[in-house]
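Numbering (numbering that gives the first Met the number 0), first residue to last: 0 to 292.
First comes the structure, then the notes that go with it.
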Amino acid sequence: MLNTPHIHDENSVALDAETQEKYEHLQAILREMGSVLIAYSGGVDSALLLKVAHDVLGDRAMGAIASSPAYASEETEEAIAVARQLQLPLITLETHELEDERYVKNDVNRCYFCKTELFTNLEPLAKEHHLEHIAYGVNKDDDGDFRPGQRAAREFKVRGPLKEVGMGKKEIRAIARLLGMPVWDKPAMACFSSRIPYGSKVDVASLQMVYKAEKFLHELGFRQLRVRHHDKIARIEVERSEIPRLVEDEMSRKVTDGLRKIGYTYVTMDLLGYRTGSMNEAFFKKKKKQSEA
C-alpha cells in the first residue's frame, strides 16, 4: 500500500496556486516514473524529492546517500537521521572521488568527475533493487551557475524532476515546510572541495581545514557561511546581515585566533558576503576576457 502525503498544519501556510500546480506536476512525473532511486544528500532539494517520491511510489522509491571526505561526517549522520525520522528508505554507500586524479587536479570540471563517481555507484544499486530510474535534486535555480555535474547526469540519463517542473528553491522550501520536513529551512550546503580555487589540488588535509573552520564559525552562531580556502588564507563569506557581527572587535579576534589554530596564517572577510558559486566568478571573468580578445 502506497503512502499518502502527510500535510503538517502547525505554523504552515497554504501554497500559492503556481507552487501547488508544480507540486502536483512533480507528483505526476514521479508516478509516471514508476520506480526511482534518489541521490540523497540531506539538503532540502533531495530530501523533498525523496519524500514526495516515497509519498507517491511507496517502497518503489528509495534514497541513496554517499559518504566521502568531501563532506562533514555529522552532515551525513544528520541526513540519515532525517530520513529515518521521515520513514524514508535509505541505502548508504561510500564514494572515492579523491582517488580520481582528474578530480584531485581540481579544474573547472571537478564536479563532473564527482557526479560521474556517484552515478557509477548508483547504477548497480538501482538495478539490484529493481528501480527503473535514478534522479537527483537539481532545480531551476541551478541554471544560473556553472554546473558541470549536470553533464554527468545527462550522460547517465539521471532525471531531475524538480527542474523538469520548473521548481526553484523558494518553492521547494515552501512545499517542504508544508509537509513538516525538518530541513525546510536548512542552509544550502556543498562539498568542501567547492571551497578550493580551481587549479589548486584537492587533498584531505585542505578539506579538513575547511571542515574545522566552518564548524568553528557555526559554533559561534554564524548560520549560512563558506570558508574559501586559498592555501594559508581563509576568505570568509557570511550573510551580509551578519558581517557587522563578524567584524566586531572581540568576535574578529576570536575568529582569527580560532582559524590560525586550524592552520591559516591570514583570515579575511569577503565584502560581498555569502553567495553560492563564488569560486566560479574568476572562471567566468577569465572566459569573458578570452571571448572579448
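For each residue, glycine too, the CB sits at the ideal point set by N, CA and C.
- The three-state secondary structure of L97, taken from DSSP, is helix.
- With respect to the C-alpha of L97, the residue from S205, R83, H53, H229 having the closest C-alpha is S205.
- Judged by DSSP in its simplified three-state form, L89 adopts strand.
- Three or more pairs of CB atoms, one per stretch, sit closer than 8 Å, so the stretch 45-53 contacts the stretch 157-175.
- Every alpha helix (DSSP H) of 4 residues or more that sits fully in the stretch 106-153 is shown, in chain order, as 109-127.
- Residues G41, G42, V43, A46, V81, A175 of the same chain have their beta carbon placed closer than 8 Å to that of V182, with the five preceding and five following residues left out of the count.
- Assignment of L245 by DSSP, reduced to helix, strand and coil, places it in the helix class.
- In the three-state DSSP reduction, S66 falls in the strand class (E or B).
- Straight-line spacing of the CA atoms in R227 and I195 works out to 6 Å.
- The stretch 17-27 makes no contact with the stretch 139-150; the number of CB pairs closer than 8 Å stays below 3.
- For the alpha helix (DSSP H) assignment, the uninterrupted runs of no fewer than 4 residues enclosed by the stretch 171-256 are, from N- to C-terminal side, 203-218, 242-246.
- Of all C-beta pairs linking the stretch 235-250 to the stretch 264-279, three or more are shorter than 8 Å, placing the two stretches in contact.
- In this structure, the CA atom of E93 is about 37 Å from the CA atom of L14.
- When rounded, the separation of the alpha-carbon atoms in Y263 and E127 is 46 Å.
- Between F118 and F155 a beta carbon distance of about 4 Å is seen, short of the 8 Å cut, so the two are scored as contacting.
- Nearest neighbour of T18 by Cα position, chosen from G165, R222, T91, D248, turns out to be G165.
- Looking at the DSSP output, A60 bridges to V35.
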